[in-house]
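Novice:
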Amino acid sequence: MPRLVAPTDPSVVVPVESISYTFYGVDSEKYYRLAIASSRNSSTGTVLGALVQPVVTPNWQVTPEDSQVAGVPAEGVATATTYVGDLTSDGVLTVAEKQQIRSDWNDLNGERIANDVRAATYNVTTEKAAYVTDFEALSTYLHNNVPWTIASLPAIPFHIDDVNVLVQVDLDPGQELTEFRDLLAAMQVTRAAYALALSNAEALYQTNTAPLTGTGSPVGAVTPLSIGQTYIDTAGPTIYTSYGLTNTDWV
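Numbering-wise (the numbering used here), the sequence shown opens with residue 76 and increments by one.
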């Protein structure tokens with residue numbers, strides 16, 4: 076059950092009218108949610124705030140008994156209940172959730188752009204293609220299930236664009252947040268595989284391009300690991316460069 080904290084609690088800095096936040100954990104399947112609500116006494120103008128803090132997520136709700144413990148009036152609890160219901164509803168995408176998703180999406184897209192440059196350098200193609208497919212599937216969900224691809228940039232998905240990120244939306248059947256979480260989980264698998272492939276390819280590239288050394292000419296004796304690799308004849312000293320991948324491909 077949640078706990079309602081009276082305004083005297085030091086965690087409540089200022090009373091607020093209508094605001095809610097969603098905090099996301101590291102695990103894509105877990106959501107840590109917080110709702111803040113307030114009510115105004117019409118005769119005195121006094122604002123009473125309530126911080127709704129979940130003990131167990133995501134299945135929790137506000138009850139009148141909680142308000143009695145905290146001394147928060149029933150209308151404050153009703154307001155909090157509305158926001159809690161929206162935050163925990165699978166069929167509602169709140170403004171707070173949209174803003175967090177947009178921030179995460181921007182980070183993921185920036186990471187993808189950087190990784191795609193590395194993929195071109197190290198010739199990582201299979202894992203890149205799998206990740207891009209899942210990234211586009213997640214983005215299509217956020218684009219109101221209208222196909223969104225990398226080629227759609229700089230336009231970002233509909234639900235998190237500059238205008239719609241500020242609008243709460245009731246999701247159509249088949250677009251519930253469970254679907255979003257499934258797409259996110261699938262994307263995280265291919266994202267991890269992509270990162271691992273890049274790391275391995277980069278390590279191999281560093282090994283294959285490191286200069287070789289030896290005594291005497293490498294022609295007919297040393298097989299280069301990559302085109303452009305250098306060989307230093309310490310007896311010369313003479314530096315050779317590979318133009319192919321056989322032991323005769325040195326100049």
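Glycine is no exception: its CB is placed at the ideal position from the N, C-alpha and C atoms.
Note that the coordinates shown come from a computational prediction; the quantities given were computed from them, not determined experimentally.
1) Determine the direct distance from the alpha carbon of Asp182 to that of Met262, and round the result to whole angstroms.
2) Mind checking which residues open and close the beta strand (DSSP E) that includes Asp308?
3) Does the distance from the C-beta atom of His234 to that of Leu168 stay below 8 Å?
4) What is the DSSP secondary structure of Gly311, counted as helix, strand or coil?
5) Keeping to the same chain, check which residues put their C-beta closer than 8 Å to that of Val297; ignore five residues upstream and five downstream.
6) Only counting the same chain, and skipping five residues up and downstream in sequence, which positions put a Cβ closer than 8 Å to that of Thr282?
7) At the level of alpha carbons, what is the spacing between Val170 and Leu246?
8) Per the DSSP calculation, Ser21 is bridged to which residue(s)?
9) What would DSSP say about Thr290, mapped onto helix, strand or coil?
10) Quick check: the Cα distance between Trp223 and Ala189, rounded to an integer number of angstroms?
11) Tell me the rounded alpha-carbon separation between Leu258 and Arg177.
Specialist: By the coordinates alone:
1) Taking the straight line joining both Cα atoms gives about 14 Å.
2) 305-308
3) yes
4) coil
5) Leu287, Gly289, Tyr306, Asn322, Trp325
6) Leu300
7) 13 Å
8) No answer is possible for residue 21: it lies beyond the span of the chain, which begins at 76 and ends at 326.
9) coil
10) 20 Å
11) Taking the straight line joining both Cα atoms gives about 15 Å.
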